[in-house]
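Data first, discussion second: the structure below is written as structure tokens.
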Amino acid sequence: MKLSILSSAMLALSLGVSASSQAANDRYVIQVDPQKKGVVKALAKQLGAQIHVDGDGFIAATFSGKDLAQVKGLLNNPHVKLVELDQPRHLMSVYADDNGDPMTQQVTPYAVYQSQADQVTFNPNAGIKVCVIDSGLDRSNTDFEWNNITGDNDSGTGSWDVNGGPHGTHVAGTIAAADNGFGVVGMAPGVDLHIIKVFNDDGWGYSSDLAHAANLCSAAGANIISMSLGGGGSNSTESNAFEAFTDAGGLVLAAAGNDGNNVRSYPAGYSSVMMIGANDANNNIADFSQFPSCTSGKGRRATTDETICVEVTAGGVDTLSTYPAGMATASSLTADGGFITSSSMENAGSVTGSTYFMGTAEAVDSAANGNICVIDRGAISFHDKVANCEASGGVGAVIINNEPGMLYATLGEANTTSIPAVGVALEDRATLLAASTMAINIGTSDFGFMSGTSMATPAVSGVAALVWSQHNECTGTEIREALKATAEDAGAAGKDVYFGYGIVKAAAAHAYLTANGCEGGVTPPPTGGDITLSLNGVKSRGAKFINLSFAGLSGSDVDVYRNGNNVATTANDGAYTDSLNTKSTLSYTYKVCEAGTTTCSAEESITF
5 MKLSILSSAM
15 LALSLGVSAS
25 SQAANDRYVI
35 QVDPQKKGVV
45 KALAKQLGAQ
55 IHVDGDGFIA
65 ATFSGKDLAQ
75 VKGLLNNPHV
85 KLVELDQPRH
95 LMSVYADDNG
105 DPMTQQVTPY
115 AVYQSQADQV
125 TFNPNAGIKV
135 CVIDSGLDRS
145 NTDFEWNNIT
155 GDNDSGTGSW
165 DVNGGPHGTH
175 VAGTIAAADN
185 GFGVVGMAPG
195 VDLHIIKVFN
205 DDGWGYSSDL
215 AHAANLCSAA
225 GANIISMSLG
235 GGGSNSTESN
245 AFEAFTDAGG
255 LVLAAAGNDG
265 NNVRSYPAGY
275 SSVMMIGAND
285 ANNNIADFSQ
295 FPSCTSGKGR
305 RATTDETICV
315 EVTAGGVDTL
325 STYPAGMATA
335 SSLTADGGFI
345 TSSSMENAGS
355 VTGSTYFMGT
365 AEAVDSAANG
375 NICVIDRGAI
385 SFHDKVANCE
395 ASGGVGAVII
405 NNEPGMLYAT
415 LGEANTTSIP
425 AVGVALEDRA
435 TLLAASTMAI
445 NIGTSDFGFM
455 SGTSMATPAV
465 SGVAALVWSQ
475 HNECTGTEIR
485 EALKATAEDA
495 GAAGKDVYFG
505 YGIVKAAAAH
515 AYLTANGCEG
525 GVTPPPTGGD
535 ITLSLNGVKS
545 RGAKFINLSF
555 AGLSGSDVDV
565 YRNGNNVATT
575 ANDGAYTDSL
585 NTKSTLSYTY
595 KVCEAGTTTC
605 SAEESITF
């Protein structure tokens with residue numbers, strides 16, 4: 005899937021944090037007469053309060069289980085000036101990249117923390133191998149265990165270890181970047197990779213290329229296929245190739261798509277492929293992440309299948325990973341010697357100077373001469389702000405976002421400026437306005453940022469490899485089910501079309517499999533003594549169908565299972581036709597159950 009790079013690489017990165025516990029809603033601030041504060045504190049303690057802050061003219065206290073009106077009534081005292089809620093405050097990012105320069109030290113991307121990959125140790129002796137079908141992995145980046153990497157070329161795209169653009173190198177780094185003291189660290193550091201290069205700089209390929217690549221992955225002994233790509237329309241040859249890989253015990257993952265709509269993209273839309281969506285560092289769904297329905301068909305032929313829609317998500321917004329050497333653009337910003345997270349906007353170079361606050365920089369200002377302009381976002385374009393700074397004699401520009409979060413932007417295709425310019429977050433505004441000196445550096449880097457479901461897919465692929473390395477007795481389908489069973493619910497309560505089951509969590513999946521085994525502790529559904537099922541295979545115009553006839557189910561809907569997977573939920577009308585996308589003679593095992601229950605028929609098999 006072709007992606008735009010939303011942000012340039014940055015060398016000064018913010019400190020990583022994990023999610024904090026929810027703030028209490030029964031904590032209050034009590035403004036008091038300073039000379040009588042002791043009296044109020046004693047009264048509060050008598051009423052069962054826990055004092056947290058003893059401030060200048062106020063105290064903060066928790067009155068467990070009491071709302072604001074109740075506390076005001078209890079503290080009806082002439083020495084109390086005001087009682088109000090102690091409003092919670094939190095860091096703007098739930099998760100963030102480590103602080104540091106990946107060219108000289110190791111930086112852990114936020115998605116590693118978010119997915120708990122830092123809480124599970126990769127087992128290099130498990131024999132897990134990930135096959136990455138993309139634009140190649142450039143050998144110029146040294147943040148890989150190159151002895152563990154093999155590859156194939158496909159469709160005349162050139163050597164697999166020479167990039168066809170930065171996309172493939174970025175994807176591979178998210179999965180497998182080495183834990184070696186510099187650069188970034190992947191979800192499964194140092195895992196064996198097999199690279200299939202199907203794309204070049206133009207980013208084009210075909211379903212036949214992917215079908216062939218799946219066979220090459222299988223021949224290379226891969227356990228996992230990771231595809232950050234997709235397009236419209238299904239293709240039976242392609243579908244058959246991925247189904248065969250899955251049926252042989254493998255796991256296939258693909259990106260949901262980046263158009264922010266409900267269109268189903270392929271190969272992610274095949275039942276044998278796990279569809280991956282993208283979330284950001286704050287556990288919100290990415291606005292570009294596609295969200296196809298789990299239902300296909302219309303009317304009585306409508307069926308529901310959770311394997312044709314988003315199953316889980318992972319971090320895919322502003323993801324830091326590997327690039328071909330020198331292909332990324334990096335910015336570094338310091339204010340009074342302290343690192344400030346920044347995003348390169350334009351114009352390579354290094355400058356140091358005194359700071360000058362230029363407001364929104366809507367006009368030339370001679371006071372900026374020789375200084376670094378600190379500029380608020382708004383009113384005019386970024387280009388015109390930087391142009392006015394430069395026309396004023398400014399040597400560099402720092403533009404502050406006017407909403408929470410980092411400012412990722414460019415100066416446009418018609419850029420006429422030459423001074424280094426970076427964007428920064430609104431949260432750093434006070435620090436920047438207070439600084440007397442700054443230094444800006446914009447140059448090249450081997451590490452950069454991309455956004456897309458293309459970035460979330462290798463994150464889940466890496467998590468799958470990490471978890472599987474601790475449970476290599478499991479099948480790919482069992483790993484897939486464990487990731488869904490333990491994902492962190494996000495968005496609407498329960499499974500939804502945006503997040504699927506939620507944000508993938510490595511440590512939770514590892515613990516789940518450790519406690520329950522590969523089958524996840526799920527007791528096989530009991531067979532229903534009065535529920536009957538019969539099968540009949542039919543060929544029509546080259547297509548193959550299995551007709552199911554069933555009776556004895558009492559509910560309005562029926563779950564249909566093929567080879568242990570729920571392939572449809574259909575009306576309880578006694579019949580269902582399952583369409584098979586294969587010309588090969590294979591064995592299939594079916595059962596039908598009361599929808600949403602474990603009351604099922606006995607399993608029936610057919611070779612067809």
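When we follow the working numbering, the leftmost residue of the sequence shown carries the number 5, and every step to the right adds one. Cβ coordinates follow ideal geometry from the N, Cα and C atoms, glycine included.
Among the options, nearest to residue i - alpha-carbon criterion
i, options, result
"E598", "G546, L78, T536, I229", "T536"
"C313", "Y270, P38, S325", "Y270"
"P106", "M231, G330, G303, P128", "G330"
"G236", "A515, Y274, R143, A290", "Y274"
"G281", "T299, S300, Q74, A258", "A258"
"S588", "E247, L197, V195", "E247"
"L220", "T586, Y592, A579, T154", "T154"
"N569", "E310, N287, V111", "E310"
"A413", "A486, T581, A425", "A425"
"M349", "V316, L415, A429", "L415"
Which of helix, strand or coil DSSP assigns to residue i
i, result
"Y516", "helix"
"R566", "strand"
"Y592", "strand"
"P530", "In this predicted model, P530 has a pLDDT of only 41, less than 50, meaning its place in the structure is not dependable enough to derive any value."
"K619", "An answer regarding residue 619 cannot be provided, because it is not within the stretch 5 to 612 covered by the chain."
"S583", "strand"
"S422", "coil"
"N81", "coil"
"S335", "strand"
"K40", "helix"
"L411", "coil"
"G600", "coil"
"S560", "coil"
"K389", "helix"
"F295", "coil"
"V202", "coil"
"D432", "helix"
"C478", "coil"
"V542", "strand"
Residue i classed as buried or exposed, judged by whether at least 16 other C-beta atoms fall within 10 angstroms
i, result
"Q294", "buried"
"V508", "buried"
"P530", "Confidence at P530 is low in this model, with a pLDDT of 41, below 50, so the placement of that residue should be treated as unreliable; the coordinate-derived value is given next. By the 10 Å Cβ count, P530 comes out exposed."
"Q120", "buried"
"V57", "exposed"
"S358", "exposed"
"A371", "exposed"
"R268", "buried"
"V542", "exposed"
"H94", "Reliability of the predicted coordinates at H94 is poor, the pLDDT of 41 falling under 50, and the value obtained from them is presented with this limitation in mind. Flag for H94 reads exposed."
"D493", "exposed"
"Q118", "buried"
"E88", "exposed"
"W150", "exposed"
"A13", "Low confidence applies to A13: its pLDDT is 27, below 50, so where it sits in the model is not reliable, and the reading given next is rough at best. With 16 or more Cβ atoms within 10 Å of its Cβ, A13 is classed as buried."
"A48", "buried"
"S544", "exposed"
For residue i, the residue or residues it bridges with in DSSP
i, result
"R31", "T66"
"E88", "V33"
"M613", "Residue numbering for the chain in the displayed model covers 5 to 612; residue 613 lies beyond these limits and cannot be assessed."
"G353", "I446"
"E608", "Y594"
"Y270", "G235"
"V111", "V188"
"V471", "For V471, which the question treats as bridged, DSSP gives no partner whatsoever."
"Q54", "T66"
"A572", "V564"
"S135", "For the record, residue 135 in the displayed sequence is Cys; it is not Ser. According to DSSP, which records beta bridges pairwise, C135 is partnered with H198, I229."
"L324", "F453"
Cβ distance (whole Å) where residue i is taken to contact residue j below 8 Å
i, j, result
"G172", "G140", "5 Å"
"L324", "F453", "6 Å"
"T457", "G254", "With a Cβ gap of about 21 Å, T457 and G254 do not count as contacting."
"V36", "G61", "7 Å"
"M279", "I137", "Going by Cβ atoms, the distance from M279 to I137 rounds to 16 Å, so no, they are not a contact pair."
"G382", "T364", "5 Å"
"D582", "V571", "7 Å"
Closer than 9 Å to chain C by CB, residue i
i, result
"A575", "Protein chains in the displayed structure number just one, and chain C is not present."
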